[in-house]
Structure formats: structure tokens, C-alpha cells
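So for the sequence shown, the numbering used here puts the first residue at 334; every next one is plus one.
Just below is one structure, and these are the notes that go with it.
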Amino acid sequence: MGTLTERETEVLALVLEEVSTAAIAQRLGISRRTVDAHRRNIIKKAGTSNPIGLYKYALRHGLSQNQNHNQ
Numbered sequence: 334m335g336t337l338t339e340r341e342t343e344v345l346a347l348v349l350e351e352v353s354t355a356a357i358a359q360r361l362g363i364s365r366r367t368v369d370a371h372r373r374n375i376i377k378k379a380g381t382s383n384p385i386g387l388y389k390y391a392l393r394h395g396l397s398q399n400q401n402h403n404q
């Protein structure tokens, strides 16, 4: 497992809030393909492919759904 980049952390926080890929892209000013790439990297680094695993990863690493991110 690897450490998430700052951008991956932002994307994960939004994913945990169930924000759509299109909305994440718009909020962060990046393309949908870039959001998808970040999601793939997050899944690989977290060692899971399901939402529960991502949530557990976030909790273990001190990430919160309410973390500040660009809105």
C-alpha cells in the first residue's frame, strides 16, 4: 500500500461523500478521465476494490468525509 497524494486524498474524500465523477471533476477543475485515474490509483494503494474497503482505508489513515476540499 502506498501513500495517497494530496489530490488523491481530495478525490477520496469526495468519493466517500458519494459525489459523482463529473461533479468531482468540475469541483477540482480536472477532467473526468483524470478523476478515474485518481480512483484507480486510490484503489490500488488501498488494496481494495469495494466502497467499504475504501472507507476503512480512510479511517485507518485519519481521513474524514468532512475534510476540507475545494467546493
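We put the CB at the ideal spot given by N, CA and C, even for glycine.
His-371 - DSSP class collapsed to helix/strand/coil: Here residue 371 corresponds to residue number 38 of the sequence shown, with the count starting at 1. Helix, per DSSP.
Rounded distance between the beta-carbons of Leu-347 and Leu-387, thought under 8 Å: Position 54 of the sequence shown, counted from the first residue, corresponds to residue 387. Position 14 of the sequence shown, counted from the first residue, corresponds to residue 347. Wrong, their Cβ atoms sit about 12 Å apart, outside the cutoff.
Extent of the continuous alpha helix (DSSP H) run through Ile-385: The sequence position of residue 385 within the sequence shown is 52, counting from 1. Segment 384-393, the alpha helix (DSSP H) holding Ile-385.
Beta-carbon proximity check, Glu-408 vs His-371, cutoff 7 Å: Any property of residue 408 remains undetermined from this structure, which presents the chain solely from 334 to 404.
Local conformation of Ile-363 per DSSP, three classes: Position 30 of the sequence shown, counted from the first residue, corresponds to residue 363. Looking at Ile-363 - three-state DSSP - the assignment turns out to be coil, as it is neither helix nor strand.
Residue span of the alpha helix (DSSP H) that contains Glu-341, given as start and end: Numbered from 1 along the sequence shown, position 8 holds the residue referred to as residue 341. Note, Glu-341: alpha helix (DSSP H), 339-349.
Rounded C-alpha distance that separates His-394 from Asn-383: As a first step, residue 394 must be located in the sequence shown, where it is residue number 61. As a first step, residue 383 must be located in the sequence shown, where it is residue number 50. Cα to Cα, His-394 sits roughly 17 Å from Asn-383.
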